[in-house]
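S.K.:
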Amino acid sequence: MNNIIQHDIIQQHLINFTTKLIKNVEEMLSKEWDFTKLVEVVKESTDELGRNIIKDFLRRIR
Numbered sequence: 017m018n019n020i021i022q023h024d025i026i027q028q029h030l031i032n033f034t035t036k037l038i039k040n041v042e043e044m045l046s047k048e049w050d051f052t053k054l055v056e057v058v059k060e061s062t063d064e065l066g067r068n069i070i071k072d073f074l075r076r077i078r
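Numbering-wise (this note's numbering), the sequence shown opens with residue 17 and increments by one.
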């Protein structure tokens, strides 16, 4: 897999992650979540980001 494809995969997932993160922060502010809840959501999103990037890399090299 060449570097351009790797870069594109990572870039797309980071865009999705950032969009989701912004929505979660907006929701936190509107619903007055506590900070612990936001940290939990960010951790879950970060774990999902890593899983999705790895899945895409594996899918592309098969």
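The beta-carbon is built from N, C-alpha and C at its ideal position, and this holds for glycine as well.
To which residues of the same chain is isoleucine 69 closer than 7 Å at the C-beta, ignoring the five residues directly before and after it?
M.R.: Along the sequence shown, one-based indexing puts residue 69 at 53. Cβ within range, chain order: Ile25, Ile26 and His29.
S.K.: Restricting to Cα atoms, I'd like to know which of Asn40, Leu74 and Asn32 is closest to glutamate 56.
M.R.: By 1-based counting over the sequence shown, the position of residue 56 is 40. Checked all of Asn40, Leu74 and Asn32; the closest Cα to glutamate 56 is Asn40.
S.K.: In angstroms, rounded to a whole number, what distance separates the CA positions of glutamate 42 and glutamate 60?
M.R.: If you number the sequence shown from 1, residue 42 lands on position 26. If you number the sequence shown from 1, residue 60 lands on position 44. Near 17 Å, if we compare the C-alpha coordinates of glutamate 60 and glutamate 42.
S.K.: Measure the C-alpha to C-alpha separation of threonine 62 and serine 46 and round it to an integer number of angstroms.
M.R.: Taking the first residue of the sequence shown as position 1, residue 62 is located at position 46. Taking the first residue of the sequence shown as position 1, residue 46 is located at position 30. Computed Cα separation, rounded: 22 Å.
S.K.: Assuming contact is defined by CB atoms lying nearer than 8 Å, are leucine 37 and methionine 44 in contact in what I supplied?
M.R.: In the sequence shown, the residue the question calls residue 37 occupies position 21. In the sequence shown, the residue the question calls residue 44 occupies position 28. Not a contact, by the Cβ cut-off of 8 Å.
S.K.: Along the chain, which unbroken stretches of the alpha helix (DSSP H) at least 4 residues long are found entirely within the region 18-68?
M.R.: As far as the region 18-68 is concerned, its whole alpha helix (DSSP H) runs of at least 4 residues are 19-47.
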